[in-house]
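What follows is a short report on a single structure.
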Amino acid sequence: MSISMLEISKTAMYEGEFKDRRIEFSESCKWLSEELGFPYKSTRMGDYERLLKTFVNPGAKVPTEQDLIDDFYHFMQAATEACQIIRLWNTFKDGKHDGLKDRIKHVMSGKSLRAEAIKKNAKGENDDPARDFAFELNIASRFLKGGYEVDLTDDCDVVVNIGKDKLYVECKRIKSIKKLASRIKKASSQIDTRIGANRKNKYGLIALDVTDVLLPEGTVAATSNVHLYDMEIQRAITDFAKEQEHVSTKNAGRNVAGILFEYNSSAFFPHEEKEPSLGFGRSACMYRHASQNKKSLALVSGFTGKIANQNL
Numbered sequence: 487m488s489i490s491m492l493e494i495s496k497t498a499m500y501e502g503e504f505k506d507r508r509i510e511f512s513e514s515c516k517w518l519s520e521e522l523g524f525p526y527k528s529t530r531m532g533d534y535e536r537l538l539k540t541f542v543n544p545g546a547k548v549p550t551e552q553d554l555i556d557d558f559y560h561f562m563q564a565a566t567e568a569c570q571i572i573r574l575w576n577t578f579k580d581g582k583h584d585g586l587k588d589r590i591k592h593v594m595s596g597k598s599l600r601a602e603a604i605k606k607n608a609k610g611e612n613d614d615p616a617r618d619f620a621f622e623l624n625i626a627s628r629f630l631k632g633g634y635e636v637d638l639t640d641d642c643d644v645v646v647n648i649g650k651d652k653l654y655v656e657c658k659r660i661k662s663i664k665k666l667a668s669r670i671k672k673a674s675s676q677i678d679t680r681i682g683a684n685r686k687n688k689y690g691l692i693a694l695d696v697t698d699v700l701l702p703e704g705t706v707a708a709t710s711n712v713h714l715y716d717m718e719i720q721r722a723i724t725d726f727a728k729e730q731e732h733v734s735t736k737n738a739g740r741n742v743a744g745i746l747f748e749y750n751s752s753a754f755f756p757h758e759e760k761e762p763s764l765g766f767g768r769s770a771c772m773y774r775h776a777s778q779n780k781k782s783l784a785l786v787s788g789f790t791g792k793i794a795n796q797n798l
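Convert by adding 486 to the 1-based position in the sequence shown; the result is the number in this note's numbering.
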C-alpha cells in the first residue's frame, strides 16, 4: 500500500475576492437557465443567490447578534456550494457533453444546506442525491481539466478514456464512518460488473467524498493564515486515508487501481487593510495497493498529477 499526495500546499485551496465569485455564480446560473433550460430561481441555486446578498444588501434592517451568527453560517454554506457550481460551469460551459443535462437536473434539486441534507429521513436513510450527482460531475471535471475524454452516458458514474485504456470510476459520498467499508465494497463490486470478464485495458477507480465525516456540520474556518489553513485541510484528508488503510485494503478488489479520498472546506479570511476574502479548499489524496501490477500503478501515477492542483 502507498499513500501519494494529490493536492499540495498553495494549490489545494482557492482564495478570491467575494465580488468576483458572485459574478461567476451569476454567470453559472445564467448558463443553467439559458444554455441548459433550467429555471434556477426556484431551486437551491436560487437560495444561494439570495443568501450571497446577505452582507451586501443596502437598506436591510440591522441584524441582531444571533442573526449575524446564523446568517454568516448560511452565507458561507452558500458560498461553498456556489464555488462547486462555478467549477462545473467553468468545466462544461464550452462544449457539448452527452448525459450532462440529466445530471445537472439532479444537481439542482435537494435541500440548500448540506448540514440539513445529510440528516436521516423518515426511513432512517441519508438521502441527498443532488450532492451525489454533483460529486460525480466534480470527479468528471477533474479528468476533463486534466486533458482526458470523459463519458457521462455509461451506467458507471464516470468513464475516462486514457489512451487505449478505460478507467471506470465509481463515486461515493461517505456520510458515516460506519458505512465506509460497505460503500467501498459496493463500489468495488460495481467496478467488477462494469469491467466484466475481459479485463484488458480496463481499470477501476473509487472516488470517495468524506466531507460529511470530517466536517458534518459544515463548520467554517475563520483565520488570517492562508498557508496554515491550506496545510490543515491537506493533513485532515491524508490522516483520514492513513487511518482507514485497513478498510481500503480489505474491501477494494483486484480491479480497483486506486481510491481517491476528497475533502471540501471553506474559510473566511479577514484583513485589516482590505476587504475580507473567501477560501474554498478541496484537498485529496490517493490510496493504492502496493500489490497492484506495474501497468495499473503506472496508469494511476500518470493521471494523478494531471487531475491535481486545480482551482475553480
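Where is the CB? At the ideal position from N, CA and C, for every residue including glycine.
Host beta strand (DSSP E) of residue i (start-end)
i      : result
Ala693 : Lys688 to Asp695
Lys760 : Lys760 -> no beta strand (DSSP E), and no H or E assigned at all.
Tyr654 : Asp651 to Arg659
Ala616 : Premise fails: Ala616 lies in the alpha helix (DSSP H), Pro615 to Lys631, not in any beta strand (DSSP E).
Phe747 : Val742 to Phe755
Ile648 : Val644 to Ile648
Asp637 : Glu635 to Asp637
Range of the contiguous alpha helix (DSSP H) that encloses residue i
i      : result
Thr773 : Note that residue 773 corresponds to Tyr in the displayed sequence, not to Thr. First-last for Tyr773: Ser763 to Arg774, but that is the beta strand (DSSP E), not the alpha helix (DSSP H).
Tyr715 : Val712 to Glu729
Tyr534 : Arg530 to Leu537
Phe511 : Phe504 to Lys516
Phe789 : Lys780 to Thr790
Ile590 : Leu586 to Val593
Asp678 : Leu666 to Ile681
Beta-carbon proximity check, residue i vs residue j, cutoff 8 Å
i      : j      : result
Leu694 : Glu748 : yes
Asp556 : Thr540 : no
Leu522 : Met531 : no
His592 : Phe561 : no
Ala564 : Tyr534 : yes
Ile625 : Val644 : yes
Ser627 : Thr697 : no
Gln796 : Ala743 : no
Phe504 : Leu764 : yes
Leu537 : Phe511 : no
Thr639 : Asp584 : yes
Lys658 : Ile681 : no
Cys569 : Arg507 : yes
Ile604 : Lys516 : no
Buried/exposed call for residue i, threshold 16 Cβ in 10 Å
i      : result
Arg589 : buried
Gln720 : buried
Gln552 : exposed
Ser668 : exposed
Glu602 : exposed
Asp580 : exposed
Glu493 : Because Glu493 sits at a pLDDT of 35, beneath the cut-off of 50, its placement in the model cannot be relied upon, and the following sentence gives the value as read from the coordinates. Glu493 comes out buried.
Ser782 : buried
Ala824 : Coverage of the chain is limited to positions 487 through 798, which leaves residue 824 absent and any answer about it impossible.
Ile509 : exposed
Asp641 : exposed
Lys496 : Low per-residue confidence applies at Lys496: pLDDT is 33, beneath 50, and the placement is therefore not dependable, though the value from the model is reported in the following sentence. Flag for Lys496 reads exposed.
Thr454 : Nothing about residue 454 can be read from this structure; the chain reaches only from 487 to 798.
Thr679 : exposed
Glu567 : buried
Glu731 : exposed
Residue of the options minimising C-alpha distance to residue i
i      : options                           : result
Ala683 : Asn741, Val636 and Arg573         : Asn741
Ile648 : Gly632, Asp698 and Phe726         : Gly632
Ala753 : Thr709, Ala794 and Gly744         : Thr709
Leu701 : Ile723, Ala626 and Ile692         : Ile723
Lys792 : Cys642, Asp637 and Leu630         : Leu630
Ile571 : His583, Glu513, Asp580 and Ile604 : Glu513
Glu729 : Tyr773, Glu520, Asp613 and Arg536 : Tyr773
Asn750 : Cys657, Ala794 and Gly704         : Gly704
Pro756 : Arg617, Val706 and Glu520         : Val706
Lys664 : Tyr634, Lys780, Val699 and Glu635 : Val699
Tyr634 : Cys642, Leu574 and Val646         : Val646
Lys850 : Glu567, Glu520 and Asp614         : Absent from the model: residue 850. The displayed extent of the chain is 487 to 798, so no value can be given.
Gly739 : Tyr559, Ala794, Ala776 and Lys582 : Ala776
Leu746 : Thr529, Glu718, Ala794 and Lys760 : Ala794
Val636 : Trp575, Ala727 and Lys582         : Lys582
Leu666 : Thr566, Glu567, Ala727 and Phe524 : Ala727
Cutoff 8 Å: residue i Cβ touching any chain D Cβ
i      : result
Trp517 : Absent from the structure: chain D. Only one protein chain is present.
Is there contact between the stretch 711-718 and the stretch 730-739, where contact requires at least three CB pairs shorter than 8 Å? no
Closer than 8 Å is the cut-off here; do at least three beta carbon pairs connect the stretch 782-797 with the stretch 582-599? These segments do not touch.
For the pair the stretch 685-701 and the stretch 649-663, tell me if three or more CB-CB distances fall below 8 Å. yes
Any contact of the stretch 665-684 with the stretch 765-773, i.e. 3+ C-beta pairs under 8 Å? no
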